[in-house]
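Colleague: If you count by this note's numbering, then the sequence shown holds residues 8 to 390, one letter each, in order.
Using N, Cα and C, we set each Cβ at its ideal position, and we do this for glycine too.
What follows is a structure written as structure tokens; I'll ask about it next.
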Amino acid sequence: MIYLDNSATTKPYEEVLETFLKVSSSYFGNPSSLHSLGGNIEKLLEQARKQSASLLGVKGNEIFYTSGGTESNNLALKGVALHYQKRGKHIITSSIEHPSIKETCQQLEEHGFDITYLPVNSFGRINPDDVEAALRNDTILVSIMHVNNEVGTVQPIKRIGELLADRPRTLFHVDHVQGVGKVPLDFYECHIDLCSLSAHKFHGLKGTGLLFVKEGLKLSPLHSGGEQERRLRSGTENTGGIVSSAKALRLYLQEANEGRERLRQLNSYVRKQLSEMEGIEIHSPDENIAPHIVNFSLLGLKGEVLVHAFEENDIYISTTSACSSKQKKPSSTLLAMGKSIEKADSAVRVSLSFHNTQKEMDTFINVLRHIQMKYANVIRRAK
Ligand SMILES: Cc1ncc(COP(=O)(O)O)c(C=O)c1O
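What follows is the structure in structure tokens.
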């Protein structure tokens, strides 16, 4: 099997599975219980929090555990919207955010919030000047993703953070789910107030994520009840998931320096091979790009057909993002970048991990050549 769908999810590290099993079997107490079984797991949770914080360069009390990227994004946006709505009801975001941001914004619109969706250029990048122009006295939040999950474009987070630095009434949220480890991000230096992460994107387990909330910031909770996570996220903690996510983050960041370099090499190799093939258009830009994503079209062949043709060869890629791929809609990110519906419809995403190899890339390219030959008639007819 060649797995090239790491933006959808990654294979958990063996050590992560072992930690999950150990915590779930030996430390199965409820952290809120008064007895020692509860106290022991509570200590492990706090250690995990401190470790994750130190790996991310922030303070322990700034980490709140959630069920993943979707929940972190919802909590950031709705938590700010509910808490600060008296201050203003205007939010700025981009037109290529993950559905967990886009649809949260749409929901907030139904509740009277005014959302500005910034355009992107043909590289999928927003212009910080557009952020500046969109800011109003009632803007309570700017939410911009760090790395786009479909094409890999890196947004100018530092520049946007600088623009907002002297506007304490406008908070800055960054969806860092695709960026972590692949494109370094200093939360403090970039003046970020809220930042979302998801463990299953860095070889942790599904159902665990975190939200960085800058010290002193208040949010309205989405879940009320047991007062866990300092009242911001009630509900008995996913203890095995949380403790193993800290391990995943440590192991992942340990291999990130070398891993990024390997990704860069594999990425430029794949891009070179693709650019030498006829009938291929690469949609991922070649600058300001995360090293793990290459988005391209085999022109004339639907992305869905290409995904299944690869699958027949035990190679796993995807069309758009995992959550949108079943909707069979052309990628809204590519449309926002000015690509035609046909191109958006034929686009596929290859997303690498630190563990993919040159040999796998060679096989991938060879299989692509075979698919191109096999579907030559379909491709010719589409022209
Ligand atoms: C950029 C981005 N944000 C948020 C999410 C949602 O994360 P989760 O799957 O943990 O809910 C994803 C998942 O693909 C993503 O790519």
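1. Would you list, in sequence order, the uninterrupted beta strand (DSSP E) runs of no fewer than 3 residues that lie entirely inside the region 12-74?
2. Starting from the N-terminal side, write out each stretch of the beta strand (DSSP E) that is 3 residues or longer and does not extend beyond the region 75-130.
3. At the level of alpha carbons, what is the spacing between S325 and S360?
4. Over the uninterrupted beta strand (DSSP E) stretch that includes S150, give me the two end residues.
5. Might you give, ordered along the chain, the residues of its own chain that have their beta carbon closer than 6 angstroms to the beta carbon of L178, omitting 5 neighbours on each side?
6. Buried or exposed for I164, please, with buried defined as at least 16 other CB atoms from any protein chain shown within 10 angstroms of its CB.
7. By Cβ distance below 7 angstroms, which residues in the same chain neighbour N47 in space, the five residues on each side in sequence not counted?
8. H207: beta carbon under 8 angstroms from a heavy atom of ligand 1?
9. On the three-state DSSP scale, how would you describe S353?
10. Assign Q235 to buried or exposed, taking buried as 16 or more other Cβ atoms, counted over all protein chains shown, within 10 Å of its Cβ.
11. Please classify S353 as buried or exposed, where buried requires at least 16 neighbouring CB atoms within 10 angstroms.
12. Does ligand 1 have even one heavy atom less than 8 angstroms from the beta-carbon of A15?
13. Beta carbon of I108: closer than 8 angstroms to some heavy atom of ligand 1?
14. Going by the beta-carbon positions, is the gap between G76 and S227 smaller than 9 angstroms?
15. With DSSP as the reference, identify every bridge partner of G247, one or two as the case may be.
16. Across which residues does DSSP place Y10 in a beta bridge pair?
17. Mind the definition here: the region 272-279 touches the region 242-261 only if three or more C-beta pairs lie below 8 angstroms; say whether that holds.
18. Note down, in chain order, each residue of its chain lying with its Cβ closer than 7 angstroms to the Cβ of E49, except the 5 sequence neighbours on either side.
19. Roughly how many angstroms lie between the CA atoms of H118 and Q365, to the nearest whole one?
20. How many Å lie between F317 and S43 at the Cα?
21. Between H105 and ligand 1, is there a pair consisting of the residue's CB and a ligand heavy atom that are separated by less than 8 angstroms?
22. Is the CB-CB distance between K96 and D145 below 9 angstroms?
23. Would you tell me roughly how many angstroms separate the C-alpha atoms of T215 and E285, rounded to the nearest one?
24. Closer than 8 angstroms to a non-hydrogen atom of ligand 1 - does that hold for the CB of M395?
25. Buried or exposed, going by whether 16 or more other CB atoms sit within 10 Å of the CB of D369?
26. For G266, which residues from the same chain have a beta carbon less than 6 angstroms from its beta carbon, with the 5 sequence-adjacent residues on both sides left out?
27. Tell me which same chain residues have a C-beta within less than 7 angstroms of the C-beta of S186, skipping the five on either side of it?
28. Report yes if the C-beta distance between K189 and L270 is below 9 angstroms; otherwise report no.
29. Should I372 and Q280 be called a contact, given that it needs their Cβ atoms to be closer than 9 angstroms?
30. Runs of 4 residues minimum, wholly inside the region 157-191: which ones carry the alpha helix (DSSP H) assignment?
31. With a threshold of 8 angstroms, are at least 3 pairs of Cβ atoms found where one atom belongs to the region 96-110 and the other to the region 124-135?
32. Quick one: does the C-beta of K426 sit closer than 8 angstroms to a heavy atom of ligand 1?
33. Are the CB atoms of S107 and N68 nearer to each other than 9 angstroms?
34. For a quick check, are the C-beta atoms of L256 and I287 less than 9 angstroms apart?
Modeller: According to the structure shown:
1. Entirely contained in the region 12-74, the beta strand (DSSP E) runs reaching 3 residues are, in chain order, 70-73.
2. The region 75-130 contains these whole beta strand (DSSP E) runs: 97-101 and 121-125.
3. In a straight line, the C-alpha of S325 is about 14 angstroms away from that of S360.
4. Counting along the chain, S150 sits inside the beta strand (DSSP E) bounded by residues T146 to M152.
5. Excluding sequence neighbours, L178 sits near V87, L148 and D200.
6. I164 should be labelled buried.
7. So the list reads Y34 and G36, once near-sequence residues are dropped.
8. In this structure, ligand 1 has a non-hydrogen atom nearer than 8 angstroms to the beta-carbon of H207.
9. Here S353 sits in helix by DSSP.
10. So Q235 counts as buried.
11. S353 is classed as buried because its beta carbon has at least 16 other beta carbons within 10 Å across all chains shown.
12. Checking every heavy atom of ligand 1 against the Cβ of A15, one is found closer than 8 angstroms.
13. For ligand 1, at least one heavy atom lies less than 8 angstroms from the Cβ of I108.
14. Between G76 and S227, the C-beta spacing is not below 9 angstroms.
15. Answer is none; G247 lacks a bridge partner.
16. DSSP lists Y323 as the bridge partner or partners of Y10.
17. Result no; under three Cβ-Cβ pairs closer than 8 angstroms.
18. Spatial neighbours of E49 in its own chain (CB-CB distance under 7 angstroms, excluding positions within 5 residues in sequence) are listed in chain order as P38.
19. Whole-angstrom Cα-Cα distance: 50 angstroms.
20. Rounded to whole angstroms, F317 and S43 show a C-alpha spacing of 52 angstroms.
21. Checking the Cβ of H105 against ligand 1 gives yes.
22. Yes, these two residues count as a Cβ contact at 9 angstroms.
23. Cα-Cα distance, rounded: 42 angstroms.
24. The structure shown does not extend to residue 395, since the chain is modelled only from 8 through 390, so no value can be given for it.
25. Its Cβ having fewer than 16 others within 10 Å, D369 is exposed.
26. When the five nearest sequence neighbours on each side are left out, the beta carbons in the same chain lying within less than 6 angstroms of the beta carbon of G266 are those of F361, in order along the chain.
27. Position check: residue 186 holds Gly in this sequence, whereas Ser was assumed. Apart from sequence neighbours up to five positions away, the residues of its chain that approach G186 with a beta-carbon distance below 7 angstroms are H153, V154, L192 and A297, ordered along the chain.
28. Yes, Cβ-Cβ distance for K189 and L270 is below 9 angstroms.
29. The answer is yes: Cβ separation under 9 angstroms.
30. The qualifying runs are 164-171.
31. The region 96-110 is in contact with the region 124-135.
32. What is shown of the chain runs 8 to 390, which leaves residue 426 out entirely.
33. The answer is no: Cβ separation not under 9 angstroms.
34. No; because the gap between Cβ atoms is not below 9 angstroms, this pair is not in contact.
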